Amino acid sequence: MRLISKWRIPPPPALLTLLLALGLGFLASWAHVPLAWVLGPLIATALSSAAGYPVFAPTMGRRLGQAVVGTSVGLNVTAAALQVIMLWAPLMVLTAFVAILLSATLSVPLALLGKIDHKTAFFSLTPGGLSEMANVGTSVGAQAEPIALSQALRVALLVCLMPPLIIALGIDGGMNDQVAQVRLSWLHAGLALLAGLAGVALTRLLRVNNPWTVGAIIGAAVVAATGLLAGRMPGVLFSLGQFFIGISIGSRFRRESLERLPRLAAISAAFTILLAALLFGYAWLLSIATAIDVASAALGSSPGGMAEMALTAQVLHLNVALVTAFHVVRAFLVNGFTLHFYNLFTRLGLFRLLDAIFGHKQSRS
587 MRLISKWRIP
597 PPPALLTLLL
607 ALGLGFLASW
617 AHVPLAWVLG
627 PLIATALSSA
637 AGYPVFAPTM
647 GRRLGQAVVG
657 TSVGLNVTAA
667 ALQVIMLWAP
677 LMVLTAFVAI
687 LLSATLSVPL
697 ALLGKIDHKT
707 AFFSLTPGGL
717 SEMANVGTSV
727 GAQAEPIALS
737 QALRVALLVC
747 LMPPLIIALG
757 IDGGMNDQVA
767 QVRLSWLHAG
777 LALLAGLAGV
787 ALTRLLRVNN
797 PWTVGAIIGA
807 AVVAATGLLA
817 GRMPGVLFSL
827 GQFFIGISIG
837 SRFRRESLER
847 LPRLAAISAA
857 FTILLAALLF
867 GYAWLLSIAT
877 AIDVASAALG
887 SSPGGMAEMA
897 LTAQVLHLNV
907 ALVTAFHVVR
917 AFLVNGFTLH
927 FYNLFTRLGL
937 FRLLDAIFGH
947 KQSRS
């Protein structure tokens with residue numbers, strides 16, 4: 587499979603995949619599928635990529651998609667939303683720790699069943715950045731390809747499963763005021779996007795991970811919280827951002843990786859669903875113990891990707907700012923300190939204990 591990662595006219599097979607992605611996006615949108623412009627293009631591109639056909643997924647397109655979606659999400663961070671975020675900040679840190687600890691616990695049976703070393707299993711399952719986990723893992727001797735495949739499966743599975751799950755359970759966060767927000771004019775949308783890109787530039791300068799999403803959220807949040815702009819991004823622009831994110835995720839399912847690691851792909855998918863189920867249970871308890879609605883708690887605790895879960899919250903009219911804040915805190919702790927957590931768990935003997943429980947004997951040197 588060949589990935590077309592630059593802006594140029596794609597060859598006929600990649601162009602056909604692109605047209606199929608557009609077609610599925612329109613079809614899903616017509617059928618009122620949640621996140622239609624992520625899921626349709628994602629499925630079309632993933633199927634083509636897995637079949638070995640070239641796909642068109644330019645890097646700058648992914649960045650543009652992240653910037654548009656990040657800006658759209660950031661516009662929900664009003665002054666009132668900021669007060670709520672500050673109130674729940676300690677809980678966000680706790681939730682991130684719970685996700686990391688559960689990932690570490692499940693990584694031992696994942697290593698056993700997937701027949702991979704434990705470092706690779708840990709960085710494959712921990713919900714961090716798609717590229718960051720592979721980079722950090724390989725720096726300490728883990729295998730890059732299993733990590734990349736498992737992380738891509740995690741993001742794709744959860745963006746497909748979480749919206750219909752929440753709808754099926756009849757859960758409503760009650761944030762209907764977002765529906766009533768007027769759409770920004772194209773001029774104001776351009777200004778919001780410029781604010782988002784200014785945030786991107788700042789976060790890139792500070793070497794923050796995932797700058798195209800985090801930076802855009804911060805930049806747009808500044809103009810929203812200060813009352814300079816209020817409203818939603820134009821529908822066409824919002825759908826375009828989702829489209830680029832969808833084809834970017836789908837392009838990661840390369841035929842050669844799936845052929846080499848079919849067993850790991852299946853087992854990683856199962857463990858991703860198990861991790862998501864455990865965190866959903868945690869979110870349910872969280873909603874009982876706090877004033878946070880269960881849908882927002884579920885998305886905030888979910889091991890899915892930041893942009894995708896925030897986007898899900900926005901589409902389902904949930905507490906977007908709160909969900910986003912949960913993921914920003916986890917992304918900071920996971921992407922910045924995952925290796926430290928792994929070393930800490932090793933020193934505390936957590937992995938030795940889990941090895942004894944699961945009957946897994948493996949050197950951690």
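Per this note's numbering, the sequence shown starts with residue 587, numbered consecutively.
Think of the CB as a built atom: it goes at the ideal place given N, C-alpha and C, for glycine as much as any other residue.
From a predicted model like this one, the values you see are computed outputs, not experimental measurements.
Boundaries for residue 877: no alpha helix (DSSP H) harbours it, and the DSSP string shows neither H nor E there.
When rounded, the separation of the alpha-carbon atoms in residue 874 and residue 866 is 13 Å.
Your pair residue 857 and residue 743 does not check out as a contact, with CB atoms roughly 11 Å apart and the cut at 8 Å. If you draw a 10 Å sphere on the C-beta of residue 646, you find fewer than 16 other C-beta atoms in it, and that means exposed.
A Cβ-Cβ distance of about 6 Å is found for the pair residue 882 and residue 909, placing them in contact under the 8 Å criterion.
Contact annotation: residue 655 and residue 893 have beta-carbon atoms nearer than 8 Å.
One Cα belongs to residue 672, the other to residue 726, and the distance between them is close to 35 Å. Contact between the stretch 820–840 and the stretch 679–692 is absent, with fewer than three C-beta pairs closer than 8 Å.
For the stretch 610–698, the full-length alpha helix (DSSP H) segments reaching 4 residues or more read 622–636, 645–660, 665–673 along the chain. Between residue 621 and residue 713, the beta carbon gap of about 19 Å keeps them out of contact (Cβ cut-off 8 Å). Between the C-alpha atoms of residue 702 and residue 721 there is a straight-line separation of about 17 Å. Membership of residue 736 in the alpha helix (DSSP H) is indicated by the continuous run 730–754. Cβ atoms of residue 836 and residue 632 come within 8 Å of each other, at about 4 Å. The alpha-carbon separation between residue 607 and residue 830 amounts to approximately 10 Å. In this structure residue 809 does not touch residue 775 by the C-beta definition: roughly 12 Å separates them, more than the 8 Å allowed. Classified as exposed, residue 876 has fewer than 16 neighbouring CB atoms from the shown chains inside 10 Å of its CB. For residue 790, no pairing in a beta bridge is given by DSSP.
The Cβ neighbour count for residue 802, taken over all protein chains shown within 10 Å, is at least 16; the residue is labelled buried. Beta bridge pairing from DSSP links residue 840 with no other residue. Residue pairing by DSSP places residue 818 opposite 769 in a beta bridge. Sequence-distant Cβ neighbours of residue 751 in its own chain, meaning closer than 6 Å and more than five residues away, do not exist here.
For residue 851, the closest alpha carbon among the candidates 791, 738, 639, 862 is that of 738. DSSP places residue 704 in the uninterrupted alpha helix (DSSP H) bounded by 704–711. By the C-beta density criterion, residue 933 is exposed, having fewer than 16 other C-beta atoms within 10 angstroms. For the pair residue 898 and residue 789, the Cα-to-Cα distance works out to about 24 Å. Using a Cβ distance threshold of 8 Å, residue 649 and residue 798 count as a contacting pair. In the DSSP assignment, residue 924 falls within the alpha helix (DSSP H) that extends over 906–934. C-alpha of residue 944 to C-alpha of residue 695: approximately 7 Å in a straight line. When 690, 717, 718, 715 are compared, the shortest CA-CA separation from residue 707 is found for 690. Shown here, residue 774 sits in a helix according to DSSP, grouped into three states. For residue 723, the enclosing alpha helix (DSSP H) covers residues 716–725.
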